[in-house]
Amino acid sequence: MVIVPIIPDYLRLIGAWETHQVPLNIHDHNSGPPPVQQRHEIVNFFSNSTGNYSITYVNTTRKLHFRGIMIEYEGEDSGIGVLFASKAAIQIFINPISGTIIDKVGYDLPMMFGLTIMFFSTLLFACGSSYGVLFFARSLQGVGSAFADTGGLSMIADRYTEESERSKALGIALAFISFGCLVAPPFGGVLYEFCGKAVPFIILAFICLIDGLLLLLIMRPMKAKQMEEGYVRPKGTPIWKLFMDPHIACCSGALIMANVSLAFLEPTISKWMTETMDAEEWQQGMIWLPAFFPHVIGVIITVKMTGKFPEWIWALAAIGLALEGLSCFIIPFSTNYFVLMIPISIISFGIALIDTSLLPTLGFIVDKKYESVYGSVYAIADISYCAAYAIGPVIAGHVVEKMGFTALNIIVAILRKKNITSENWAYEWWLDDMYLNVSSSLPINSNPGWVFPRLIFKKGESLEMNTLEIEMSTSRRNKQPLCMKQYYRLLNFYRKPGIVKDEHIDFYSSQVKDEEIIVVMIKSHIYKIKVKVIGEWISLQNIYSHFWSVYNDSRYRKELNMDEKVQLLTTCNRRKWGSYYANMICNEKNASNFKDISRSLLIICFDETETLIGESKNENNIFRQILCGDGPFSNGCNRWFDKTLQLIINPNGINGICFEHSPMEGVAVLKTLQNVLYTINQSNEVFENKLVVIDCPMEWQLNDDIKNGIIDAKNNFVKLNADIDIEIYQFTKYGKDYIKSLNFSPDTFIQMTLQLTYYRLNGTLCSSYESGSTRRFLNGRVDCIRSSHLEALYWVERKLNHLGFDGTLLFEL
Numbered sequence: 016m017v018i019v020p021i022i023p024d025y026l027r028l029i030g031a032w033e034t035h036q037v038p039l040n041i042h043d044h045n046s047g048p049p050p051v052q053q054r055h056e057i058v059n060f061f062s063n064s065t066g067n068y069s070i071t072y073v074n075t076t077r078k079l080h081f082r083g084i085m086i087e088y089e090g091e092d093s094g095i096g097v098l099f100a101s102k103a104a105i106q107i108f109i110n111p112i113s114g115t116i117i118d119k120v121g122y123d124l125p126m127m128f129g130l131t132i133m134f135f136s137t138l139l140f141a142c143g144s145s146y147g148v149l150f151f152a153r154s155l156q157g158v159g160s161a162f163a164d165t166g167g168l169s170m171i172a173d174r175y176t177e178e179s180e181r182s183k184a185l186g187i188a189l190a191f192i193s194f195g196c197l198v199a200p201p202f203g204g205v206l207y208e209f210c211g212k213a214v215p216f217i218i219l220a221f222i223c224l225i226d227g228l229l230l231l232l233i234m235r236p237m238k239a240k241q242m243e244e245g246y247v248r249p250k251g252t253p254i255w256k257l258f259m260d261p262h263i264a265c266c267s268g269a270l271i272m273a274n275v276s277l278a279f280l281e282p283t284i285s286k287w288m289t290e291t292m293d294a295e296e297w298q299q300g301m302i303w304l305p306a307f308f309p310h311v312i313g314v315i316i317t318v319k320m321t322g323k324f325p326e327w328i329w330a331l332a333a334i335g336l337a338l339e340g341l342s343c344f345i346i347p348f349s350t351n352y353f354v355l356m357i358p359i360s361i362i363s364f365g366i367a368l369i370d371t372s373l374l375p376t377l378g379f380i381v382d383k384k385y386e387s388v389y390g391s392v393y394a395i396a397d398i399s400y401c402a403a404y405a406i407g408p409v410i411a412g413h414v415v416e417k418m419g420f421t422a423l424n425i426i427v428a429i430l431r432k433k434n435i436t437s438e439n440w441a442y443e444w445w446l447d448d449m450y451l452n453v454s455s456s457l458p459i460n461s462n463p464g465w466v467f468p469r470l471i472f473k474k475g476e477s478l479e480m481n482t483l484e485i486e487m488s489t490s491r492r493n494k495q496p497l498c499m500k501q502y503y504r505l506l507n508f509y510r511k512p513g514i515v516k517d518e519h520i521d522f523y524s525s526q527v528k529d530e531e532i533i534v535v536m537i538k539s540h541i542y543k544i545k546v547k548v549i550g551e552w553i554s555l556q557n558i559y560s561h562f563w564s565v566y567n568d569s570r571y572r573k574e575l576n577m578d579e580k581v582q583l584l585t586t587c588n589r590r591k592w593g594s595y596y597a598n599m600i601c602n603e604k605n606a607s608n609f610k611d612i613s614r615s616l617l618i619i620c621f622d623e624t625e626t627l628i629g630e631s632k633n634e635n636n637i638f639r640q641i642l643c644g645d646g647p648f649s650n651g652c653n654r655w656f657d658k659t660l661q662l663i664i665n666p667n668g669i670n671g672i673c674f675e676h677s678p679m680e681g682v683a684v685l686k687t688l689q690n691v692l693y694t695i696n697q698s699n700e701v702f703e704n705k706l707v708v709i710d711c712p713m714e715w716q717l718n719d720d721i722k723n724g725i726i727d728a729k730n731n732f733v734k735l736n737a738d739i740d741i742e743i744y745q746f747t748k749y750g751k752d753y754i755k756s757l758n759f760s761p762d763t764f765i766q767m768t769l770q771l772t773y774y775r776l777n778g779t780l781c782s783s784y785e786s787g788s789t790r791r792f793l794n795g796r797v798d799c800i801r802s803s804h805l806e807a808l809y810w811v812e813r814k815l816n817h818l819g820f821d822g823t824l825l826f827e828l
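Numbers given in the numbering used here equal positions in the sequence shown, counted from 1, plus 15.
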């Protein structure tokens, strides 16, 4: 923190940034005192300008009469952010190593190694006179901190095994850490202004040297005593295993969020104070000093509260997060130096509540669930701090540069509030942006299709509910547990259309429901079948008998007119469909139909046989049938695209699913349905064709506006179906196994091949999408991996330079 008031100003003085001059009419004779930001820029201008200016004083108020230029520093915010973040970024990578070493060899040697690195890196800061040297010194500090910080916290946890004693000891340590962090800025600011850059860093290096000597004096006798007693260090738990512990992960996430605010303020607040308050360097440092006292108060309160009410530790952390969010919102509206002290002090108080309650908790979790060796768990804690300080300054620098300091703090406040009130602060915004706010029609644009292997349903195949049951914690990737919520949405979610945006209806409940239904669509008629009655699932023979009865009943039903096929509305623009839905649901019968469709487990679509034209067109036509029913004049009226899962069955063997994409990704659907197909293939049951009593198909009350809307939806569906070209090409030379045998990712292979082909045809890269899973986080789905970047362009151009005369690549991918 000592660099906060020093480095931004010093980098300007040594000319680290490119500058350019912007015309500026600073002040005229008749106006009042110039704004603070303009006064600051004038000071910078005086050392770079030979223009004409005059300064007069009237009643001790300085007035400037000048028409000239303003100096702008290119990339300053981003560059300072990267410099500040480099220490934490390096520390993230070193901490797993330092934690493992501490577990194996103890605390004294790693701490001494860390202090030695800190000593030399601090001296390097004192001597450095370029951005590159300062960047290297800051990164080197990350290596030293990874060993010194983790070793110190681990030593305290190991020495104080009682929970109350450990809380007090860690609280005292945190108080001194706070003292160092909060005193460092005024210490650095005052010495820098009056003594120069080197002095504060030389003093810090001397302090590191004293720490190392004290460590030798204290730890060497203890080490010798342990060796005499034959002490054998227990084997610690691997850090990767601790990473996967959900309780440790929860604490780590809270520690990250606790430090985000300071990480954002660290590289930005000095420049903001200079521009808005005309603050001197010593003031930029002193602004942090009063925050030390509320931090100590927060430590004391937390230690006492956790001793009396240990079950409420989580509440203290939540209060701390809320206070930090409120303070971040207040900061940009602070008008002077003294007002600014208040929100910064509250932030410090909130951090004290979070850190003092959660750091002992990490040691407690290790004691209860693992071997009582603490190097790795406190390495994880240090990684949590570093994650905030590695990402925060970089993001903060860019946000301030593009949007301003006020926007930065408002963003932080909003994220903190969202983090407290939701399981995953990003999920709802992601879901709205990706799906629910999108007004395009669902078929083709959003709903995927999957064609099953050809299977003729000559017998009643068993589709049991237990084939769809998924254990919450079974999926893992590289031993990392993945969020399983998507699997529970498959049979329990429905996308309801809205006038402003769509909405998810969640029918999932931990309690067993007494009644479950499925919906069957055949010849555009919609039937309801109860598969669970009074808490009991009906037999497979009974389900098959209902299917058989629906099939026979539909043969004698009058064909619906096109303007009576309500399901076509699910193909139109979502905002239009939302308006029609709001109109229709006012009718009681329509509302009941909507409720049954939305709460059903799935929709089974019994299609009519379609004649496929030509063997070469078989696969193309099959996929079109599954994807959208080939429009309203084929089987397109036999779909309800708002329903999450539609199982499509055709007597000619065309079978598959079409699913609504917003509740889940394709992986969850495919894995579940692969299980279903396996069960069907293993089944030898054959059921009798028995007729049973069934409900009549759903009837709708439609006015002229709705009927006209259905016709419009039909016309748009025709255009949508005609606008898509489907061509399925089978590549038979090799597959993904061969690519993997070359230690190459099949996804990367396909993405780069597409870029190469498109560039060869069009002379430019193409916009493409590759999904990257985020399921290791609660409610995680996917994010976009973009393969259109400079490295891809260089690679494509390099490959095209090695084309043979026949246009083939001389060098393999």
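We treat Cβ as the ideally placed atom computed from N, Cα and C, and that holds for glycine.
Values in this document were obtained by computation on a predicted structure and should not be read as measured data.
What's the C-alpha gap between residue 115 and residue 758? Residue 115 sits at position 100 when you count from the first residue of the sequence shown. Residue 758 sits at position 743 when you count from the first residue of the sequence shown. Rounded to whole angstroms, residue 115 to residue 758 spans 29 Å at the Cα level.
Checking the sheet assignment: what are the DSSP bridge partners for residue 787? Here residue 787 corresponds to residue number 772 of the sequence shown, with the count starting at 1. DSSP lists 798 as partners of residue 787.
In three-state DSSP terms, what is residue 671? Against the sequence shown, residue 671 aligns to sequence position 656. Residue 671 falls in the strand class under three-state DSSP.
Evaluate the contact criterion for the stretch 337 to 356 versus the stretch 372 to 380: three or more CB pairs, one atom per stretch, below 8 Å. no
Tell me residue 543's beta-bridge partners as DSSP assigns them. Residue 543 sits at position 528 when you count from the first residue of the sequence shown. In DSSP, residue 543 forms a bridge with 534.
Counting only runs that start and end within the stretch 685 to 735, where is the beta strand (DSSP E) found for 3 or more residues in a row? none
Got a sec, what are the start and stop residues for the alpha helix (DSSP H) residue 609 sits in? Locating residue 609 in the sequence shown gives position 594, counting from the first residue. Where residue 609 is concerned, the enclosing alpha helix (DSSP H) stretches over 603 to 614.
Where do the ends of the beta strand (DSSP E) carrying residue 589 lie? One-based indexing of the sequence shown puts residue 589 at position 574. Not the beta strand (DSSP E): residue 589 falls in the alpha helix (DSSP H), residues 589 to 599.
Suppose contacts are defined by Cβ-Cβ distances below 7 Å. Is residue 166 in contact with residue 125 by that definition? Within the sequence shown, residue 166 is the residue found at index 151, counting from 1. Within the sequence shown, residue 125 is the residue found at index 110, counting from 1. Cβ atoms of residue 166 and residue 125: closer than 7 Å.
Residue of 468, 739 and 188 minimising C-alpha distance to residue 663: In the sequence shown, residue 663 corresponds to position 648, counting from 1. Comparing Cα-Cα distances from residue 663 to each of 468, 739 and 188, the minimum goes to 468.
Rounded to the nearest angstrom, how far is the Cβ of residue 445 from that of residue 796, given a contact under 8 Å? By 1-based counting over the sequence shown, the position of residue 445 is 430. By 1-based counting over the sequence shown, the position of residue 796 is 781. Going by Cβ atoms, the distance from residue 445 to residue 796 rounds to 7 Å, so yes, they are a contact pair.
Quick check: residue 157 and residue 105, are their CB atoms within less than 7 Å of each other? As a working mapping, residue 157 is identified with position 142 in the sequence shown. As a working mapping, residue 105 is identified with position 90 in the sequence shown. Yes. Within cutoff.
Consult DSSP for residue 314 and reduce its assignment to one of helix, strand or coil. What you label residue 314 is simply residue 299 of the sequence shown in a count that begins at 1. Three-state DSSP puts residue 314 in a helix.
Taking only runs of the beta strand (DSSP E) that begin and end inside the stretch 119 to 197, which ones reach a length of at least 3 residues, in chain order? none
Boundaries of the beta strand (DSSP E) in which residue 662 is found, first to last residue: To locate residue 662, count along the sequence shown from 1; it is residue 647. Where residue 662 is concerned, the enclosing beta strand (DSSP E) stretches over 660 to 664.
When you compare the CB positions of residue 673 and residue 462, do they come within less than 7 Å of one another, or not? Mapped onto the sequence shown, residue 673 falls at position 658. Mapped onto the sequence shown, residue 462 falls at position 447. Yes.
Residue 465 - partner residues in DSSP beta bridges: On the sequence shown, residue 465 is found 450 positions in, with the first residue counted as 1. Note: residue 465 sits in a beta bridge opposite 672.
Could you say which of 543, 643 and 716 lies nearest to residue 708 if we only look at CA atoms? The sequence position of residue 708 within the sequence shown is 693, counting from 1. Among 543, 643 and 716, the Cα nearest to that of residue 708 is on 543.
Using C-beta distances below 8 Å, list every residue in its chain close to residue 402, excluding the 5 sequence neighbours before and after it, in chain order. Here residue 402 is taken as the residue at index 387 of the sequence shown, counted from 1. Cβ within range, chain order: 103, 107 and 271.
Using 7 Å as the threshold, is the C-beta distance between residue 732 and residue 585 below it? By 1-based counting over the sequence shown, the position of residue 732 is 717. By 1-based counting over the sequence shown, the position of residue 585 is 570. Contact flag unset, no.
Have a look at residue 540 and residue 464 and give me their C-alpha separation to the nearest angstrom. Locating residue 540 in the sequence shown gives position 525, counting from the first residue. Locating residue 464 in the sequence shown gives position 449, counting from the first residue. Approximately 22 Å between the Cα atoms of the pair.
Once the 5 residues before and after residue 721 are set aside, which same chain residues still bring their CB inside 7 Å of it? The sequence position of residue 721 within the sequence shown is 706, counting from 1. 595, 598 and 599.
Answer with buried or exposed for residue 436, where buried requires no fewer than 16 other C-beta atoms within 10 angstroms of its C-beta. Translated into the one-based positions of the sequence shown, residue 436 becomes position 421. Exposed, because fewer than 16 other Cβ atoms sit within 10 Å of the Cβ of residue 436.
Counting along the chain, where does the alpha helix (DSSP H) carrying residue 266 start and finish? Translated into the one-based positions of the sequence shown, residue 266 becomes position 251. That run of the alpha helix (DSSP H) goes 261 to 280.
Kindly indicate the opening and closing residues of the alpha helix (DSSP H) around residue 568. Locating residue 568 in the sequence shown gives position 553, counting from the first residue. From DSSP, the alpha helix (DSSP H) with residue 568 extends over 555 to 570.
So, with DSSP's three-state summary, where would you put residue 53? Within the sequence shown, residue 53 is the residue found at index 38, counting from 1. A caution first: residue 53 carries a pLDDT of 39, below 50, which makes its placement in the model too unreliable to give a value.
Once you ignore the five residues that flank residue 268 on each side, which residues in its own chain have a CB closer than 8 Å to its CB? The residue you call residue 268 lines up with position 253 of the sequence shown. Once the five neighbours on either side are set aside, the close Cβ partners of residue 268 are 399.
Since residue 775 sits in a beta bridge, which residues does DSSP pair it with? Residue 775 sits at position 760 when you count from the first residue of the sequence shown. Per DSSP, none; premise fails for residue 775.
If you draw a straight line from the alpha carbon of residue 667 to that of residue 638, how long is it in whole angstroms? Within the sequence shown, numbered from 1, the residue matching residue 667 stands at position 652. Within the sequence shown, numbered from 1, the residue matching residue 638 stands at position 623. Taking the straight line joining both Cα atoms gives about 14 Å.
Just the Cα atoms here: how many angstroms apart are residue 101 and residue 781? Sequence index remark: in the sequence shown, residue 101 carries index 86 (1-based). Sequence index remark: in the sequence shown, residue 781 carries index 766 (1-based). Taking the straight line from one Cα to the other gives about 33 Å.
Inspect the beta-carbon positions of residue 128 and residue 162 and report whether they are closer than 7 Å. The residue you call residue 128 lines up with position 113 of the sequence shown. The residue you call residue 162 lines up with position 147 of the sequence shown. Contact: yes.
Going by Cα to Cα distance, which pick from 681, 611 and 141 is closest to residue 534? Walking along the sequence shown from the start, residue 534 turns up at place 519. It is 611.
Compare the Cα-Cα distances from residue 593 to each of 455, 259, 428 and 334 and report the closest residue. Taking the sequence shown and counting its residues from 1, one reaches residue 593 at position 578. With distances taken between Cα atoms, residue 593 lies closest to 455.
Have a look at residue 346 and residue 149 and give me their C-alpha separation to the nearest angstrom. Locating residue 346 in the sequence shown gives position 331, where the first residue counts as 1. Locating residue 149 in the sequence shown gives position 134, where the first residue counts as 1. Using only the alpha carbons, I get a separation of about 29 Å.
Residue 522 lies in the beta strand (DSSP E); which residues open and close that run? Within the sequence shown, the letter at position 507 stands for residue 522. Segment: none, residue 522 is in no beta strand (DSSP E) and carries neither H nor E.
Go to residue 643, then tell me how far its alpha helix (DSSP H) extends in each direction, as first and last residue. Residue numbering aside, residue 643 sits at position 628 when the sequence shown is read from its first letter. Run containing residue 643: 633 to 643, per the alpha helix (DSSP H) assignment.
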